[in-house]
Structure formats: structure tokens, C-alpha cells
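Number of protein chains: 2
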Amino acid sequence: MIAEVLATGDEIRSGALVDTNSAYISEKIEEIGIKITRHNCVGDDEDELTTILLELAERADIIIVTGGLGPTLDDLSREAAVRAAGVSLILDNKVLEKIKNFFVSRQKSMPDSNIRQAMFPQGAAILENPIGTAPGFSLRIGRGTFFFLPGVPAEMRKMLNEQVIPKIKQEVKDPYYYKTKTISTFGLGESALEDKLSDFPSLFPDIKLGFRASFPEVQIKLYQKNSNENALVKEQEKAITWIKEKLGHKIVSLTGQPMATVVGDLLIKQKATLAVAESCTGGLIANWLTDRPGSSEYFLLAAVTYANSAKQSVLGVEQKTLEQWGAAHEETAMAMAVGVKKLSGSTYAIATTGIAGPAGGSLEKPAGTVYIAFAGPQGTKARHYFFPFGKRQLNKKIFAAQALNLLRLELLKSI
Amino acid sequence: MIAEVLATGDEIRSGALVDTNSAYISEKIEEIGIKITRHNCVGDDEDELTTILLELAERADIIIVTGGLGPTLDDLSREAAVRAAGVSLILDNKVLEKIKNFFVSRQKSMPDSNIRQAMFPQGAAILENPIGTAPGFSLRIGRGTFFFLPGVPAEMRKMLNEQVIPKIKQEVKDPYYYKTKTISTFGLGESALEDKLSDFPSLFPDIKLGFRASFPEVQIKLYQKNSNENALVKEQEKAITWIKEKLGHKIVSLTGQPMATVVGDLLIKQKATLAVAESCTGGLIANWLTDRPGSSEYFLLAAVTYANSAKQSVLGVEQKTLEQWGAAHEETAMAMAVGVKKLSGSTYAIATTGIAGPAGGSLEKPAGTVYIAFAGPQGTKARHYFFPFGKRQLNKKIFAAQALNLLRLELLKSI
Chain A
1 MIAEVLATGD EIRSGALVDT NSAYISEKIE EIGIKITRHN CVGDDEDELT
51 TILLELAERA DIIIVTGGLG PTLDDLSREA AVRAAGVSLI LDNKVLEKIK
101 NFFVSRQKSM PDSNIRQAMF PQGAAILENP IGTAPGFSLR IGRGTFFFLP
151 GVPAEMRKML NEQVIPKIKQ EVKDPYYYKT KTISTFGLGE SALEDKLSDF
201 PSLFPDIKLG FRASFPEVQI KLYQKNSNEN ALVKEQEKAI TWIKEKLGHK
251 IVSLTGQPMA TVVGDLLIKQ KATLAVAESC TGGLIANWLT DRPGSSEYFL
301 LAAVTYANSA KQSVLGVEQK TLEQWGAAHE ETAMAMAVGV KKLSGSTYAI
351 ATTGIAGPAG GSLEKPAGTV YIAFAGPQGT KARHYFFPFG KRQLNKKIFA
401 AQALNLLRLE LLKSI
Chain B
1001 MIAEVLATGD EIRSGALVDT NSAYISEKIE EIGIKITRHN CVGDDEDELT
1051 TILLELAERA DIIIVTGGLG PTLDDLSREA AVRAAGVSLI LDNKVLEKIK
1101 NFFVSRQKSM PDSNIRQAMF PQGAAILENP IGTAPGFSLR IGRGTFFFLP
1151 GVPAEMRKML NEQVIPKIKQ EVKDPYYYKT KTISTFGLGE SALEDKLSDF
1201 PSLFPDIKLG FRASFPEVQI KLYQKNSNEN ALVKEQEKAI TWIKEKLGHK
1251 IVSLTGQPMA TVVGDLLIKQ KATLAVAESC TGGLIANWLT DRPGSSEYFL
1301 LAAVTYANSA KQSVLGVEQK TLEQWGAAHE ETAMAMAVGV KKLSGSTYAI
1351 ATTGIAGPAG GSLEKPAGTV YIAFAGPQGT KARHYFFPFG KRQLNKKIFA
1401 AQALNLLRLE LLKSI
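Quick mapping for you: the protein sequence lines, in order, are chains A and B. First residue of the first sequence? That's 1 in this note's numbering, and the numbers climb one at a time after it. First residue of the second sequence? That's 1001 in this note's numbering, and the numbers climb one at a time after it.
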């Protein structure tokens, strides 16, 4: 079984747009146990498109094509498909009606150019597009079954998952159940995780293990297939228990959630609230926390006190603390955490202060140094870390994640 | 002249990693006037790699290959290249010495596996890697000149720009000068920009125009080539003057800088300082502002007052303002801006309050509504906007950019 993807469009071919569709499709197809052999991309050129469709028709069994189904003249996937298949384009009146209704519901009249979106190669099976005007279609050319999908990621993803994947499973008469599990971790790199889990392949030969860096977190992925759904679930439970033993609190979430979401869940569970005092992370912790819908339930305040004067006037950090220890120090971090906790009346507080770089470092405290403090009902503590990434934005990210991780570990203690 | 790119590696083939290298390479190659015809990707499989190299050797003149040059057994680009070219691998002692020194300088000894990185196909020209252990090489196979580069983006980019692009220009005996210009804009979508600039192609037929969305900003790209460097520069100046007339203050930066950097430059020029009060943007404005190195020169404080109690205790927003107008209102936004300005002693302040969604909206103030205030030496003003994006993270971004844009326009007035 040879499967390939083909992305079309001049924006992707010329590099104006990064192709994220091919990665998404490959991952979803591999999840049902079919290996993607190649990715291909050509631009909006009917000859080029027809040529590559004919090549694919000779060498692949399943081909997912994205893009070129819009109403404009540079949308050429339909035309290339009929040329490659040696058939004609036929108007589908039902689809035309739907497209017209789509415009009526938006109180507009359909431009003539959209008629093209209701035309399909003879013999094609229509793939409905529930969230856009461009329907897709599947078509047999040579040895290949082609699935033509729109290039808009949201439309493509919905149609792939709801229509294409089930059709492929039918096509290959696939007797297997599939399950993918994503586990988020923090604190170990990909190779360190691989080392810790090196016995996994021999203990769980039926589960394929993958690692994906999503800096500064790393996701572990488990890919499984089994003809017995029950056995699959049991095997996964055993594997997760084993991974939990090996990694402990390095595991952030067994459902692949990012750190800030997990921290939010823990705060809600404890009916606790949080305030943040940020210096070198510059608002990134607050930004991550508030990306979670419903974060207003627990997140009260972040004071991004970049200037020393703001550390004093807003957080009440004393002049003598700053003079004695400097802005980047455990004592200052603790004073910031205590200050923002008092100011907001929150249950917990975290604070960051350090040197994100590139400037501002010294031999003793080089760029990459961060001081993180935690304040809670039981008291206050601070830690310092050095990270060798050497880039301002990477430093901000690792500092912010480290601070949220300190909070997460404290919240886990108080469960 | 047919040019193609080939990305190799199982992470990309299987979708675990999005391929950003191919877009980068295509853009750089198109900037010197050579059209990229296709992208290709195969995994770490010697047979697959050899097959596609032979296909490329038949149909393309220039091929950029990324990945597969590392020291491990799944790095197979060298082996596939010698098979496709029908030559042998030869050890280069100079390169071996350099790799050994690389490890010595890190006080480690070189693992045996790294010897492979000093082996090159007979007849290859070595491409030095100034920032990693994997050198690349160029090699003629069939009609094609192949450039093999590492997959690590930073290494690939440096080697492409410093070694490969000059070689290609030599190879094609290219008599042209090339220039790319990036202009950042805010406030108009891609198609609205295209409309405004619709006369451009007839007025400046020698300049190719491109648009790239970098939400919520849109970049305009000018691609030029000319055998006369002077004429090229003059033509670009004329084009930019014309674009400035058409777009006015929708232009954020003539050098492609993002909004937060431009705002920082304006503040430094005016020796002014800034404080921010954020509610619905949740720290994103502060995070963008502090991504700019040296932002501590002008950025004093952001108060991310998510809770109403924090708006009162930190910013001094009065209870009766919140009761009379609600948290999402121009009056509240102005009180926040005035409060944070006073608290920090800054020259300017901006404030945001609104509904990022998905919850918290009403018929009157649906999710996507934002109130933005500005406070400066001349006084205070506020505006409100509604954006129909319907997604929390997109709303946060467009709210934050709109607030920074209001500040930018005020700063431009006071120049």
C-alpha cells in the first residue's frame, strides 16, 4: 500500500506559505497504520498538475491532494483531474443548489465563477464541505484512488477526518482499531526521554512510540493498532502505568494539554486563585495563562514590572532589597511574589526576574539566568536556573515554563 | 532552468514535524529569479532516496536537498548520493580534523560515528558548515547540480545564503542584480491591499508584487531584478513613494519590522516611556513589546488586571465606573490607561478591555468586542471595535495589534 500527499498552490510552491497540510495529513494517515511514502508540491499550473497526477496514478494507491478547488481561474485541480483521468467535467445540480443557498443565507447572490465549484469529473464521488463552498471529490486514476480536498486547513481537516479516513479504512478493508495517545512532558529533552523509555519497545512491541518537541515541552505519542478493541485499551493502560512510573512528575498531562492549561485545571480543582509578577518573562506567563478559555475564574492579576521603579511602586519591593541583591536575585523574586499576592489577594503567586538577553548579562549572571519565586499559604520559596539557549525569545519561553512548572509541582503537593 | 527542493527525514515524511525548510529555500531561490517547480519529501530510506535523486537528476537543473547528513545510521543522504551518481565515498582528512577539533573545543572526544560526516562522494565540492558538525556538498548527477544541506534550519539557512546562492548565480552565469523589499502593513486584508495597489503591475512592470499574511499584519513584498544596479535602486524608490501615497499610515514599517518593534523605535526616538493596562489581551501586548531586545529602555510596566478587583486595587479604577459602565467600556478603558500611567510615571499608556470569548459575550457586546484607550501628555481617548474572527487567540492578537496601532498613530502625530 503506497500512499502519498500532493499539496498544490503557488503560495506553497514559491515559499510564501509554509505547507502545514501535508504534515497533518501524514500524521492522520499514519495513525490508521498506512505509511506515507512521499510528499509532493506543485504550483497552480495545469500542465504541471496533470503531469504529477499521472505520475502518482502510476506509483501510488492512495493520494490525498489539497488545494485548487476554489472558484478562481488559478484553481485548476478539477481541470487537471479530468485531463489525467481522460474524462469530462459534469455539472452537479444538487451541489450548485447548495452553493447558491450558501450565498442566499449570507444575503448575497452567487458570482458566476462559483458555478465551477459544482462541476466534477465524470465518475467522481463528491466529498461534501460542511464549512465552505468548495466541495471535494474522490476519483480513481490508474492504480490510485485520489482524494481532492480544499487547501483551507480547517475545511481540509474536517473533511479528511469525517469523510476520507473512513473511506480509506473501507477501501483497504481494514480490520484494525486505531488509537493515538498524546502525553505532554516538561524537563527532559527528546533524547533523554528516549533513554528513560528505552525498554518500551521490548515491553510493548505493539505500540509505536513517537516524540515531538513543542518547545519547551516535549510530547510523547503512542500509536496503536489492534483487531481487538478491548485488548488495545488494556495494552494502552499498561503502557501508561509503566510510563508514569518511569517519568513521574515530568509528565505534565496524560491528555496532551499544555502546562498553562494543566495549571488552570489544578487551580479550579482547588478553588484557588493566582497572581503573577513578571520581569524577564515580560508578560508571557500571563499570555499563556489567558489563552485558556475560562481563565478569569482563577487568574486575577499579572504585574509585568520591567522597570525597578515599577517593582517598588506596584509590588512594594523595598529599595534596600534591590540595592543589596540586585533585580535578578532570589530575594527580589520572593519580594515580587509576596507583593503581587498581597496586592491581588490571590491564593498563590509566582514571580520571575532574570536576564533574557542578549544584553544585560554579566560573568556572574549571564543572559539565560532566571530567578523564580513561589508564594502560597504555606510560605515562600525561590530557585534559580541557567539555560544555555542564547536567544531572547527561547529564554522567555523556558523561563515562563519553568515558573509554571514550579507552581504545578506545588499545586500537586497540596492535592 | 528547472529547480526543485527535496526535504528528507522520517519526522517530516510522517508528519511529526512541519517542513519549514522547503518554503524558506523556495523563497530565497525565487528571489534570485529562479522558479522552484516542485517540492518533494521522502523519509530515511536509502532506496527511496536513491530513486528520487535519480528522478530529479533527469528532470531538474538545480536541486536543493535538506537533511540526512548527521552522524547516525538513519542519515542516508551521502549513501544515496553515491549510489545515484555511481561513485564512491571518500574520506576528507581536512574535514575530519575540523570535526575532531569541534569536539575538542567542547572538551569531548569525537564518537566514531562522526567519521561518516567527513566522507563525501567522489567529485563532490564540500560546503562548509560554520555552526555545526555536518558539512554539506554539491554534486553533479545527470543534468542536475545537487546541493546537499543539513536539515537543522539555522545551519541550512546560513549555508544556503552564504555558499549555495552565490554558487547558483555563478552556475547560471546570471547577469542580474536582485533586490527584495518587505513592507509591513496593518489594517487592510490581502485582497483589500491588492485592490488598493491594482495599478502597480502596469506602473512598475519590472517589480513583482507579493503579499504574505502574518496575522494580524500583512507584509507586502517587492521582488526585483535588473542588470543595472542603479536603475534597480531608482525603480524601487519610485515604487515605494507610490505605495506610500496609496497606503499612508496603513504602512507599519518600510523594512518589514513588526508593530511592537516600530512602536519601540518611536518611543526611543522621543525618549518617551510606556505603560500598559491589559484585560482581554491578557499580557500579549507586554509579551510582544518585550520580545524586542532593549525594550527595558522604554517599557516600564504592564498591569494585566484580569479581575475587576485588580482593576480597582492596582489601577485605581473606581467602583462606580465599573458599576455604571461595566468592565468592557470606553470609560473603564480610559480609567485603566490613566491609572497605569499614574502608577508607573510613564509618558504614554494604553489599555484594553473587552471580550476575547468564547464565553462572556452578550447580544450588545458579543465576543470580539474590545475597548482601547490611550493616555498621553495631551489627554486621554478611547475607541471600540468589533472583530468577527470568533476565536479567542485570534481575538487576543487583533485586539493587541489594534491597541499598539492606536499608540503608533498617536506617536506619529507627535513627531
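No residue lacks a Cβ here, since even glycine has one placed at the ideal position from N, Cα and C.
### Query
Shorter than 7 Å from the beta carbon of F416(A) to some beta carbon of chain B?
Outside the displayed range of chain A (1 to 415) lies residue 416(A), so it cannot be described from this structure.
### Task
Select from A16(A), C280(A), I34(A) and D44(A) the residue whose C-alpha is nearest the C-alpha of P1293(B).
C280(A)
### Task
Evaluate E1162(B) with the Cβ neighbour count: other Cβ atoms within 10 Å of its Cβ, from every protein chain shown; 16 or more gives buried, anything less gives exposed.
exposed
### Query
Is the shortest distance between the beta-carbon of R1059(B) and the beta-carbons of chain A less than 7 Å?
no
### Query
Looking at the unbroken alpha helix (DSSP H) that takes in P1130(B), where does it start and where does it end?
Where P1130(B) is concerned, there is no enclosing alpha helix (DSSP H), given that its DSSP letter is neither H nor E.
### Query
List, in order along the chain, the chain A residues whose C-beta lies closer than 8 Å to that of E1027(B)?
S14, G15 and A16
#### Entry: the segment 1204-1221 of chain B / the segment 1167-1186 of chain B touching (three or more Cβ pairs under 8 Å)
yes
### Distance CB(G189(A))-CB(N1287(B)) smaller than 7 Å
no
### Task
Would you please verify whether the beta carbon of G283(A) is less than 7 Å from any beta carbon of chain B?
yes
### Query
Beta-carbon separation of L1315(B) and A1303(B) under 7 Å?
yes
### Message
Counting only beta-carbon separations shorter than 7 Å, does T185(A) have a partner in chain B?
### Response
At a cut-off of 7 Å, the C-beta of T185(A) has no neighbouring C-beta in chain B.
### Task
Would you mind working out which of P111(A), D112(A) and T51(A) sits nearest G86(A), comparing C-alpha positions?
Here the closest residue by C-alpha is T51(A).
### Task
Check the Cβ-Cβ distances between D1047(B) and every residue of chain A, and say whether any is below 7 Å.
With 7 Å as the cut-off, D1047(B) does not count as an interface residue toward chain A.
### Task
Quick one: list the residues of chain A neighbouring I1417(B), beta-carbon separation under 8 Å, in chain order.
With chain B covering 1001 to 1415 only, the question about residue 1417(B) has no answer from this structure.
### Query
Any chance the segment 1256-1266 of chain B sits against the segment 256-272 of chain A, with 3 or more Cβ pairs inside 8 Å?
no
### Query
Taking Cβ-Cβ distances below 9 Å as the criterion, which residues of the segment 67-78 of chain A are in contact with chain B?
So the list is empty, because no residue satisfies the distance condition.
### Query
Under 7 Å between the Cβ atoms of E229(A) and Y177(A)?
Between E229(A) and Y177(A), the C-beta gap is smaller than 7 Å, which places the two residues in contact.
### Query
Excluding five sequence neighbours on each side, which residues of the same chain lie with their C-beta closer than 8 Å to the C-beta of I1131(B)?
A1154, E1155 and K1158
### Query
Which class does E1331(B) belong to by DSSP, given the choice of helix, strand or coil?
helix
### Query
Which same chain residues, not among the five before or five after N226(A), have their C-beta less than 6 Å away from its C-beta?
Y177 and L232
### Task
With DSSP collapsed to three states, give me the class of S1191(B).
In the three-state scheme derived from DSSP, where H, G and I count as helix and E and B as strand, S1191(B) is classed as helix.
### Query
Which chain B residues are close to Q393(A), counting only those with a beta carbon under 7 Å from its beta carbon?
D1291
### Task
Write down the C-beta distance between F437(A) and I63(A) rounded to the nearest angstrom, noting that I regard them as a contact closer than 8 Å.
Shown here, chain A extends from 1 to 415; a query on residue 437(A) therefore has no answer.
### Message
Measuring only the C-alpha atoms, how far is D10(A) from E1031(B)?
### Response
15 Å
### For A356(A), the three-state DSSP class (helix, strand or coil)
coil
### Query
Residues of chain B with a CB under 8 Å from the CB of G294(A): which are they?
Here the neighbours are A1359.
### Message
Taking CB distances under 7 Å as the criterion, tell me whether V1370(B) reaches chain A.
### Response
no
### Query
Residues bridged to I1207(B) by DSSP?
Note: I1207(B) sits in a beta bridge opposite Q1224(B).
### Query
Under three-state DSSP, which class holds I1251(B)?
strand
### Query
How big is the Cα-Cα spacing for I251(A) and E1330(B)?
44 Å
### Task
Check the C-beta distance from G15(A) over to I1025(B) and give it rounded, since I have them as a contact under 8 Å.
7 Å
#### Entry: Where Q1219(B) falls: helix, strand or coil (DSSP)
DSSP places Q1219(B) in strand when its eight states are reduced to three.
### Query
In terms of alpha-carbon separation, which member of K365(A), K98(A) and S295(A) lies closest to A328(A)?
Closest in C-alpha terms to A328(A), from the list K365(A), K98(A) and S295(A), comes K365(A).
### Query
Hey, does V218(A) have any beta-carbon neighbour from chain B nearer than 7 Å?
no
### Query
Per DSSP, what kind of secondary structure is K1158(B) in: helix, strand or coil?
helix
### Query
Mapping DSSP to helix, strand and coil, what is T1066(B)?
strand
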